[in-house]
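Asker: Mapping of the sequence shown onto this note's numbering: position 26 corresponds to residue 145, and the numbering continues sequentially without gaps.
No residue lacks a Cβ here, since even glycine has one placed at the ideal position from N, Cα and C.
First, the structure itself, so that you have it in front of you.
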Amino acid sequence: MGSACIKVTKYFLFLFNLLFFVLGAVILGFGVWILADRSSFISVLQTSSTSLKAGAYVFIGVGGFTMLMGFLGCIGAVNEVRCLLGMYFAFLLLILIAQVTAGVLFYFNMGKLKQEMGSIVTKLIQNYTDGHEDSLQEAWDYVQAQVQCCGWVSFYNWTENAELMSRINITYPCSCENKSKEDNNSLLPQMGFCEAPVGNGTQSSNNPDDWPVYKELLGMLLSIFLCRHVHSEDYSKVPKY
120 MGSACIKVTK YFLFLFNLLF FVLGAVILGF GVWILADRSS FISVLQTSST SLKAGAYVFI
180 GVGGFTMLMG FLGCIGAVNE VRCLLGMYFA FLLLILIAQV TAGVLFYFNM GKLKQEMGSI
240 VTKLIQNYTD GHEDSLQEAW DYVQAQVQCC GWVSFYNWTE NAELMSRINI TYPCSCENKS
300 KEDNNSLLPQ MGFCEAPVGN GTQSSNNPDD WPVYKELLGM LLSIFLCRHV HSEDYSKVPK
360 Y
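What follows is the structure, encoded as structure tokens:
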């Protein structure tokens with residue numbers, strides 16, 4: 120019975136770390152995408168904000184670290200190597216501490232980050248030139264069309280654009296249009312604005328399944344359990360170091 124329990128723990132820990140490895144690959148790929156992307160709103164912020172570039176490198180570093188941790192956990196669990204299991208436990212503990220620290224820093228700097236993003240977008244809107252081919256303008260047009268918004272706080276942001284306000288017939292960029300089934304000529308200003316999805320996206324999740332802390336604590340407990348039983352009396356295999 121004890122041997123079967125150890126085997127179940129070992130292979131469960133292997134699958135657990137395989138998921139960590141895949142998660143690390145996704146995070147690393149996301150960081151690379153932020154640096155390489157030139158066709159979405161990310162390029163707007165990347166050009167104007169050094170914080171986003173730094174964040175991309177952080178994603179790459181965290182992704183690579185998570186992949187390494189998952190690899191060590193998989194090898195340590197399958198081959199029952201106590202040294203690797205100990206390193207895996209230490210890495211999980213470091214990640215847990217880093218997540219708590221990052222969460223606290225993000226909470227206290229959330230207003231500053233939102234203000235910085237708003238100033239970047241407002242400046243872009245003020246300098247927007249209709250018909251001018253520019254990667255930043257195209258990226259913002261893409262955001263307005265996809266998020267279905269017009270301006271940052273409201274469509275009144277566009278009143279700060281001198282070129283648009285100098286026309287006899289004031290028109291907003293085509294990306295502000297919302298061609299719905301009810302009215303093919305309706306405009307987006309009445310539908311909500313680009314700031315709203317950003318604010319909703321910063322809300323914390325109250326679902327325990329969405330909290331990675333529990334998953335990390337589970338991995339730590341499994342690694343300790345398996346590590347303790349590598350040299351137990353009921354274990355028939357030769358100890359490994």
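(1) Relative to the C-alpha of Glu257, which residue among Ser273, Val223, Gly189, Pro292 is closest?
(2) If you follow the alpha helix (DSSP H) that Thr220 is part of, which residue opens it and which one closes it?
(3) For Leu211, does the count of other Cβ atoms within 10 angstroms reach 16, so buried, or fall short, so exposed?
(4) What does the alpha-carbon distance come out to for the pair Phe227 and Thr220?
(5) Give me the Cα-Cα distance between Lys298 and Val272, rounded to the nearest whole angstrom.
(6) Between which two residues does the alpha helix (DSSP H) harbouring Glu282 extend?
(7) For Ser273, name the three-state secondary structure that DSSP assigns.
(8) Determine, using beta carbons only, whether Tyr176 and Gly192 come nearer to each other than 7 Å.
(9) Return helix, strand or coil for Asn288, following the three-state DSSP convention.
(10) Where does Lys126 land, buried or exposed, given buried means 16+ other C-beta within 10 angstroms?
(11) If you draw a straight line from the alpha carbon of Tyr261 to that of Leu187, how long is it in whole angstroms?
Answerer: In short, the structure shows the following:
(1) Along the sequence shown, one-based indexing puts residue 257 at 138. For the residues Ser273, Val223, Gly189, Pro292, the minimum Cα distance to Glu257 belongs to Pro292.
(2) Within the sequence shown, the letter at position 101 stands for residue 220. Here the alpha helix (DSSP H) through Thr220 covers 201-245.
(3) Position 92 of the sequence shown, counted from the first residue, corresponds to residue 211. Per the 10 Å Cβ criterion, buried.
(4) As a first step, residue 227 must be located in the sequence shown, where it is residue number 108. As a first step, residue 220 must be located in the sequence shown, where it is residue number 101. If I take the Cα positions, the gap works out to 11 Å.
(5) Within the sequence shown, the letter at position 179 stands for residue 298. Within the sequence shown, the letter at position 153 stands for residue 272. Note that Lys298 scores a pLDDT of 44, beneath 50, so its modelled location is shaky; the value from the coordinates is reported in the next line. If you take the alpha carbons of Lys298 and Val272, they lie about 21 Å apart.
(6) As a working note, residue 282 is residue 163 in the sequence shown. Its alpha helix (DSSP H) spans residues 281-284.
(7) Here residue 273 is taken as the residue at index 154 of the sequence shown, counted from 1. Residue state, collapsed to three classes: coil.
(8) If you number the sequence shown from 1, residue 176 lands on position 57. If you number the sequence shown from 1, residue 192 lands on position 73. Going by C-beta atoms, Tyr176 is not nearer than 7 Å to Gly192.
(9) Position 169 of the sequence shown, counted from the start, is the residue given in the question as residue 288. Asn288: coil per DSSP, three-state reduction.
(10) Taking the sequence shown and counting its residues from 1, one reaches residue 126 at position 7. It is exposed - the Cβ of Lys126 has fewer than 16 other Cβ atoms within 10 Å.
(11) Taking the sequence shown and counting its residues from 1, the one referred to as residue 261 is at position 142. Taking the sequence shown and counting its residues from 1, the one referred to as residue 187 is at position 68. Those two C-alpha atoms are separated by around 36 Å.
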